[in-house]
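Remarks on the structure that follows.
Chains as they are written, first to last, in the working numbering: chain X, 1 to 387; chain V, 1001 to 1350.
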């Protein structure tokens, strides 16, 4: 799919790594990396802390020498390229923050025009226009006269991204561009980077800590761990199966592919309450509340790919599932009744039942029959425990 | 339409800043000129400003007043201006280099290192009954500066905190001063007279041939610093960013070390170690123009250093006349509070 979107002329990678090994000392931190970033494409580097993402980006940016292998920038060998030429092709955002005094935000962004200005570094009208355009796009124009040292981390981050963009690169390296930003700013920034990448054919290589953002914003994902580029592929390939869970040593059920998010681990122990949910009623104020209160629970009867089915698979001790789009069968009801007997209490999140889950009503009736307390919500249940 | 407006708006901020820089520079230039005139007038032989102008326009004649102005006061004030500016720029370079607002050749021990080597050379040369010429002192001071700078750089690689770097520099300075005092104690009488006076920091005894040499050296280095203002500006954002926009970081670092050492060597060779000017003057210059962009700061910084030194030299001569104070004592009185204020302001020093 991505292949066909990519413009024909851009079939050559803007940045290519061939069997590259990187590290701060002679001992390689990450080895044998083969990587290609194409114009207009956003590639995300993900992996646990200390896996070498930053070291890899530093090496590409020319701060460290690759221990072996070669890096090609727009078809040329990076090592042989003049720094002044590299600066017109590639710009970067690093995690270290400049410590400045008496420099305005605009001074910082202006610094990105360095490769294009003359001997004394004064900006021409064209330069000014590029700077203004980028600052408006990143929402930093209003801050232009503020002292960079006195701004919030998020504002500084945006100014530094503006600086990198106004260098008008063909390859953009970003080390954790979303750190320090609030959720709204993260989304705006990734949207902006995607737009710049698409419209100007910039090849973006970014390390991201927020894997759910990587899944949504990147065209390609590279997973780094244990000294190698473990997996590479499109988000749809990486975010299926156990790849992410294994990459970060998560319990396999706590990462939900469909949401791209991670749940806290389920409470330990035998289930104490049975939850009748479905259609998102469990996700909207029951499952996570029980998890946070540390109460193991069972859930049923749910459809496996219903929101509640997906979430319960991560959080519930036992889930009684029915096949998607099928009415609840006798077998499922019997298993659910078994669970209810073991639990001793029931929460029914639903106010009414539909065609497909009509028989969940039988479960509520069954709990009444057994003389078990039945609660309309997790809150009611938790309150009863506290009394 | 939007584009034209954008350029105009951006231009207005820039032009406001340029106006501020210009007015600060004009004010400093006026202050410097008046200080020069006062410096020429005041002394054991009081001369009125009008007489000074007359004497200056007449050129050097054999009269006493003319002799005093031309041969004593004028070279002295010229040296104070040039060396004050040099010291201030040297401080600015070191502050940029270490990204540390209270770095300067005195605090980092570079002046003291230079002084040690000059004292050593002086004792050896005078001991051999030779004459110590200006070139030799500058050369010795440069070797001392570079050696100390190299040592400080070695320390800087190991310490991460700004305050530790300063502490290390101060210690290096103490060691070098102790060694110098040791030398002075064991030097013969004839050398002591020379050493004692110079090693306290003073502009007295300025001669024209020295002044010419200083003028050339300072002019060349200042021009070099100004030519470096663009990469220096990029370097203020830190090494990774400087590199990523195409600055040859290693080359720039070498040049900064060389130029700042040359500037402070020049000062030490002719005036001895002068304290705190290298911190106070650049800081006040930056505050006055409200920016630390090297393109604006460098000229203002030079002027501020010149004014600072000129003023302090005037006080050193006048306050307890006929007893003359060392200029370093006066600069410390005015400079040290600035340093303390800086340390209190900077969060990273706590």
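Even glycine gets a Cβ: it sits at the ideal position worked out from N, Cα and C.
Whole-angstrom C-beta distance between residue j and residue i, which should lie under 8 Å
| i | j | result |
| --- | --- | --- |
| residue 1114 of chain V | residue 1144 of chain V | 4 Å |
| residue 1285 of chain V | residue 1277 of chain V | At roughly 12 Å, the Cβ-Cβ gap does not stay under 8 Å, so residue 1285 of chain V and residue 1277 of chain V are not in contact. |
| residue 1052 of chain V | residue 1041 of chain V | 6 Å |
| residue 332 of chain X | residue 311 of chain X | Not really, about 18 Å apart at Cβ, beyond 8 Å. |
| residue 1121 of chain V | residue 1136 of chain V | 6 Å |
| residue 1252 of chain V | residue 1235 of chain V | 6 Å |
| residue 42 of chain X | residue 194 of chain X | 6 Å |
For residue i, the nearest candidate out of the options (CA to CA)
| i | options | result |
| --- | --- | --- |
| residue 37 of chain X | X:317, X:247, X:172 and X:376 | X:172 |
| residue 1127 of chain V | V:1139, V:1184, V:1081 and V:1092 | V:1184 |
| residue 84 of chain X | X:169, X:146, X:108 and X:182 | X:169 |
| residue 1152 of chain V | V:1316, V:1026, V:1098 and V:1130 | V:1098 |
| residue 1306 of chain V | V:1090, V:1100 and V:1072 | V:1090 |
| residue 347 of chain X | X:310, X:296, X:232 and X:323 | X:296 |
| residue 338 of chain X | X:366, X:313, X:314 and X:324 | X:366 |
| residue 1335 of chain V | V:1076, V:1058, V:1044 and V:1102 | V:1102 |
| residue 161 of chain X | X:15, X:134 and X:147 | X:134 |
| residue 156 of chain X | X:187, X:108 and X:200 | X:108 |
| residue 165 of chain X | X:323, X:140, X:17 and X:55 | X:140 |
| residue 147 of chain X | X:101, X:114, X:181 and X:186 | X:101 |
| residue 1038 of chain V | V:1310, V:1205 and V:1330 | V:1310 |
| residue 372 of chain X | X:343, X:63, X:226 and X:350 | X:343 |
| residue 51 of chain X | X:201, X:39, X:30 and X:251 | X:30 |
| residue 214 of chain X | X:228, X:250 and X:257 | X:257 |
| residue 104 of chain X | V:1202, V:1044, V:1014 and V:1270 | V:1014 |
| residue 1225 of chain V | V:1203, V:1259 and V:1245 | V:1259 |
| residue 67 of chain X | X:82, X:93, X:32 and X:329 | X:32 |
| residue 1111 of chain V | V:1301, V:1269, V:1283 and V:1033 | V:1269 |
| residue 263 of chain X | X:290, X:223 and X:340 | X:290 |
| residue 218 of chain X | X:13, X:46 and X:17 | X:46 |
| residue 202 of chain X | X:242, X:167, X:181 and X:236 | X:167 |
| residue 1077 of chain V | V:1159, V:1207, V:1181 and V:1138 | V:1207 |
Chain V contact residues for residue i, given Cβ-Cβ distances below 8 Å
| i | result |
| --- | --- |
| residue 108 of chain X | 1237 |
| residue 103 of chain X | 1236, 1291, 1292 and 1293 |
| residue 98 of chain X | 1236, 1237, 1238 and 1241 |
| residue 83 of chain X | 1243, 1246, 1247 and 1248 |
8 Å Cβ cut-off: residues of chain X touching residue i
| i | result |
| --- | --- |
| residue 1245 of chain V | 87, 91, 111, 112, 114, 115 and 167 |
| residue 1091 of chain V | Correct list: empty, because the minimum Cβ distance to chain X is about 14 Å. |
| residue 1251 of chain V | Going along chain X, no residue has its Cβ under 8 Å from residue 1251 of chain V, so there is no contact; the nearest lies around 10 Å. |
| residue 957 of chain V | Outside the displayed span of chain V (1001 to 1350) sits residue 957 of chain V, for which this structure offers no information. |
Residue(s) in a DSSP beta bridge with residue i
| i | result |
| --- | --- |
| residue 300 of chain X | X:276 |
| residue 20 of chain X | X:33 |
| residue 46 of chain X | X:223 |
| residue 207 of chain X | X:45 and X:175 |
| residue 72 of chain X | X:16 and X:77 |
| residue 231 of chain X | X:223 |
| residue 347 of chain X | X:275 and X:375 |
| residue 318 of chain X | X:298 |
| residue 255 of chain X | X:262 |
Residue i: contacting residues in chain V (beta-carbon distance under 9 Å)
| i | result |
| --- | --- |
| residue 145 of chain X | 1013 |
| residue 94 of chain X | 1238, 1240, 1241 and 1244 |
Chain X residues whose Cβ lies nearer than 7 Å to that of residue i
| i | result |
| --- | --- |
| residue 1099 of chain V | 99 |
| residue 1084 of chain V | Chain X residues near residue 1084 of chain V: none, gap ~22 Å exceeds 7 Å. |
Residue i: contacting residues in chain V (beta-carbon distance under 7 Å)
| i | result |
| --- | --- |
| residue 63 of chain X | 1240 and 1243 |
Cross-chain neighbours of residue i in chain X, by beta carbon under 9 Å
| i | result |
| --- | --- |
| residue 1229 of chain V | 120 and 121 |
| residue 1305 of chain V | Ordered by position in chain X, no residue passes the 9 Å Cβ test against residue 1305 of chain V, which lies about 18 Å from the chain. |
| residue 945 of chain V | Here chain V covers residues 1001 to 1350 and nothing more, so residue 945 of chain V does not appear. |
| residue 1139 of chain V | Chain X residues near residue 1139 of chain V: none, gap ~32 Å exceeds 9 Å. |
Interface residues of chain B facing residue i [CB-CB closer than 9 Å]
| i | result |
| --- | --- |
| residue 1059 of chain V | The structure shown contains no chain B; its protein chains are X and V. |
Taking only runs of the alpha helix (DSSP H) that begin and end inside the stretch 79-152 of chain X, which ones reach a length of at least 4 residues, in chain order? 83-89, 105-110 and 125-137
Can you check the stretch 1165-1248 of chain V for any alpha helix (DSSP H) of at least 4 residues that lies completely inside it and give the ranges in chain order? 1189-1199, 1208-1227, 1229-1235 and 1239-1244
Those runs of the alpha helix (DSSP H) which lie wholly inside the stretch 1054-1100 of chain V and span at least 4 residues: 1064-1067 and 1074-1098
In the stretch 1105-1155 of chain V, which residue ranges form an unbroken alpha helix (DSSP H) of at least 4 residues, counting only runs that do not cross its ends? 1110-1127
Minimum length 4: unbroken alpha helix (DSSP H) runs contained in the stretch 1259-1324 of chain V: 1277-1289 and 1294-1318
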